[in-house]
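Q: Input: one structure, supplied below.
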Amino acid sequence: MPAIIIGTQMERGLTKWRHGFSVPEEGPADRLLVIEFHGDPWEIPGFKGDVLDVAELRAACPLAAQDWIPLQGNLKCKAQLGVPARISIPLSQAANPR
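Structure representation (structure tokens):
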């Protein structure tokens, strides 16, 4: 089961982030992170269409500061730009998560 982080873009102020459900400390078993974003998907920190800059995401989203999420790098992602937008990031592509 993937780890899901839900972001809600507020009309004023910062984006609010929350977990979709509880994730074990070692991370999701399938090494998949999904960001569900309620708002303009191009406002997701680090999202550049088919890649995600992990350092930008970690800087803006406190929930992305997990040991099982790489500290930096551009990871390929798949985007479904509906309402809400869903960005799937396979963490297995990261050479060294820490």
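One rule links them: number in the working numbering = place in the sequence shown (from 1) + 1294.
Virtual Cβ for every residue (Gly too), placed ideally from N, Cα, C.
Nothing here was measured: the structure is a model prediction, and the numbers come from that model.
Within its chain, find whatever has a CB closer than 7 angstroms to the CB of P1378; leave out the 5 residues flanking it on each side and keep chain order.
A: E1330, F1331 and H1332
Q: How about M1304 and A1323: do their beta carbons lie closer than 9 angstroms?
A: no
Q: What does the alpha-carbon distance come out to for the pair P1384 and L1365?
A: The straight-line gap from Cα to Cα measures roughly 15 angstroms.
Q: Just list the residues that DSSP pairs E1330 with in beta bridges.
A: I1300 and R1380
Q: Closer than 8 angstroms to a non-hydrogen atom of the ligand GTP - does that hold for the CB of Q1360?
A: Here there are no bound small molecules, and the ligand GTP is not part of this structure.
Q: Around the Cβ of G1343, are there at least 16 other Cβ atoms within 10 angstroms (buried) or fewer (exposed)?
A: The Cβ neighbour count for G1343, taken over all protein chains shown within 10 Å, is under 16; the residue is labelled exposed.
Q: Could you check the C-alpha separation between Q1387 and L1346 for me, to the nearest Å?
A: 12 angstroms
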